[in-house]
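Read in order, the letters of the sequence shown correspond to residues 5 to 281 in my numbering.
Encoded as structure tokens, the structure appears first; notes follow it.
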Amino acid sequence: MIKRRLLIFIFFLILISLSMPEITLAQNESDSVTKKIDASDPTKIYTYVGAGPKFTEYTNNESMLELRASGNLGISKEDMVFINFGYGFHFGDKVEGSNNGFTNARARWFHIFKMDYSVASGYRGWATQIDFQMAGQLKGTDGQNVLSFGALPAFGLGKKWSLFVPLNVVNSWDKKFAAYNGMGANISPLFVFNPGNWWEGAYLQFWGGYTYFFTGELAGRGGANLDITIGGKILPKLTWTILAQKNFDLDLMSYRRDENSGTRNDWNIFLNFITYF
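Structure below.
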């Protein structure tokens, strides 16, 4: 069953690759401008749009295939606003609910304070954010509405490694805001590796996260996840990423009030193409 779903996902990727329009670059385009794009650094201000397919496997052996779209608007030298959303198809009928519809959405405001990117080793600066993740319509994505806010200090760990340490206060509401489920804390260290010579724009990200709730219905519960992302450039202003995520949220049950729902996210993989402006 899992192999069949993965074959569907791979076929979906091939269709997207074949349908991508050919893009030509003007010969007089300035390389000095395009080389400044560093997709590996989450603190840099850019304007872009992106889209790609995502496959999710649930703990009850059901799955979901969705298409996600995103956009990021750099509204100043220090501020940017990010949004993303998806539309998906659920495979399996063990749980009641819609098998197609909009999946979870996200909106984030990000502000950068003084940041010194020339620091190769040591403290570079910090940023702050407000992040809202809204429950979707499709089963398996209709769990909780989550609002978090916090800070993100950045560090250089040599010429090829960087470290970002997001620290957030997290608030959870049931879907449709029917109930407030509690407040918690999240820490999500992100290690970024820039090899420099694998391929154009090559980078690796290792992003772990842990959330622990200390008030409300979720008090005393915690959950974790691990993201591994690999990316690079197709063209100077067109990039690709492949993100694989494994969840370890047995306590939080994916923030669902119905712990016997069976649609807890086990792992997912996401292919994304991004065009910068």
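Glycine included, each C-beta is placed from N, C-alpha and C at the ideal position.
Under the three-state DSSP convention, the category residue i falls into
| i | result |
| --- | --- |
| PHE106 | strand |
| LYS180 | helix |
| LEU242 | strand |
| VAL174 | strand |
| GLN141 | coil |
| SER192 | coil |
| ALA228 | strand |
| TYR121 | coil |
| PHE217 | strand |
| GLU204 | coil |
| LYS58 | strand |
| LEU29 | Residue placement at LEU29 is flagged as unreliable, the pLDDT there being 32, under the threshold of 50; a coordinate-derived value is accordingly withheld. |
| ASN251 | strand |
| ASN88 | strand |
| THR310 | Any answer about residue 310 is impossible in this case: the structure gives the chain only from 5 up to 281. |
| GLU70 | strand |
| ASN185 | strand |
| ALA223 | coil |
Separation of residue j from residue i, as counted between CA atoms
| i | j | result |
| --- | --- | --- |
| PHE197 | ALA182 | 42 Å |
| TYR62 | ILE246 | 19 Å |
| ASN251 | TRP271 | 6 Å |
| THR107 | ALA155 | 27 Å |
| GLN209 | GLY220 | 33 Å |
| PHE274 | GLY56 | 7 Å |
| LYS179 | SER102 | 15 Å |
| ASN269 | ASN175 | 20 Å |
| GLY129 | GLY54 | 27 Å |
| LYS98 | GLU66 | 8 Å |
| TRP203 | ASN64 | 38 Å |
| LYS143 | PHE93 | 9 Å |
| SER125 | SER166 | 9 Å |
| GLY212 | THR233 | 11 Å |
| THR47 | GLY160 | 13 Å |
| ALA248 | LEU71 | 15 Å |
| PHE277 | TYR52 | 10 Å |
| ASN190 | THR60 | 23 Å |
| GLY75 | MET138 | 16 Å |
| ALA73 | ILE79 | 20 Å |
Buried versus exposed, by CB contacts within 10 Å (16 or more), residue i
| i | result |
| --- | --- |
| VAL150 | buried |
| PRO199 | exposed |
| ILE116 | buried |
| ASN201 | exposed |
| ILE41 | buried |
| LYS118 | exposed |
| SER152 | buried |
| LYS163 | exposed |
| TYR127 | exposed |
| ASP120 | exposed |
| SER122 | exposed |
| ALA43 | buried |
Rounded Cβ spacing between residue i and residue j (contact assumed at less than 8 Å)
| i | j | result |
| --- | --- | --- |
| TYR50 | TYR280 | 6 Å |
| ALA109 | PHE89 | 4 Å |
| LEU256 | ARG225 | 5 Å |
| THR215 | GLY188 | 5 Å |
| ASP253 | GLY227 | 3 Å |
Enclosing beta strand (DSSP E) for residue i [first to last residue]
| i | result |
| --- | --- |
| ILE49 | Neither: ILE49 is in no beta strand (DSSP E) and is coded neither H nor E. |
| ALA155 | 148 to 161 |
| SER80 | No beta strand (DSSP E) holds SER80; DSSP gives it neither H nor E. |
| ALA43 | First-last for ALA43: undefined, no H or E at that position. |
| PHE274 | 269 to 280 |
| ALA131 | 125 to 138 |
| PHE168 | 165 to 168 |
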